[in-house]
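Novice: Got a structure here, written out as structure tokens. Questions coming.
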Amino acid sequence: MNELKNEIQGGELFGAIKDSIQDARNVVQQLAHSFQDNVRSLRMDGDDSAFKELTQNIGDLDSLLKYIKELGDGVNCLDGMGLPPDPITAQGFGINLFREMHTAIEVKDWIMLSDLIEYELAPLLGKEDEWLGSLDEKLKT
Numbered sequence: 001m002n003e004l005k006n007e008i009q010g011g012e013l014f015g016a017i018k019d020s021i022q023d024a025r026n027v028v029q030q031l032a033h034s035f036q037d038n039v040r041s042l043r044m045d046g047d048d049s050a051f052k053e054l055t056q057n058i059g060d061l062d063s064l065l066k067y068i069k070e071l072g073d074g075v076n077c078l079d080g081m082g083l084p085p086d087p088i089t090a091q092g093f094g095i096n097l098f099r100e101m102h103t104a105i106e107v108k109d110w111i112m113l114s115d116l117i118e119y120e121l122a123p124l125l126g127k128e129d130e131w132l133g134s135l136d137e138k139l140k141t
């Protein structure tokens, strides 16, 4: 009975993970684009609308990170599938980047913030998209 229950739950988990990956990839791609728009706005004028958009994007990024954590937990329940850890959480790189971004916001160094977004966050989101793509491919096999 327990084996059947585990198989059903595993199948449901597998399906939920598989169904959510493309949506997550779309969110990652949209966030990367939105953050690039933030960079242009911050470097040109830094008006209130730029900060509202940046705040929204940071909130969306937080939601994405929560999803990535749940996805990682789900993949671990499926025996990991032999995938490396996602780039954002690997070796604490993401958390260190977010701390630097927070510092730039606190001291109102918009150039530093723009550079962090353009040269570190955008490539990191690209790697995250690739990781999600590799996970998607692995689930198809």
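Per my numbering, numbering of the sequence shown is gapless, rising by one per residue and ending at 141.
Note that CB positions come from ideal geometry on N, CA and C, so glycine has one too.
#1: Do L71 and L125 have their CB atoms nearer than 9 Å?
#2: How would you write the range of the alpha helix (DSSP H) that K140 sits in, first residue to last?
#3: Under 9 Å, do L83 and W131 count as touching if we go by C-beta distance?
#4: Ends of the alpha helix (DSSP H) at G94?
#5: Entirely within the stretch 38-90 and at least 4 residues each: give me those alpha helix (DSSP H) ranges in chain order.
#6: DSSP three-state label for D109, please.
Specialist: A quick look at the data gives this:
#1: no
#2: A122 to K140
#3: yes
#4: F93 to E106
#5: 48-77
#6: coil
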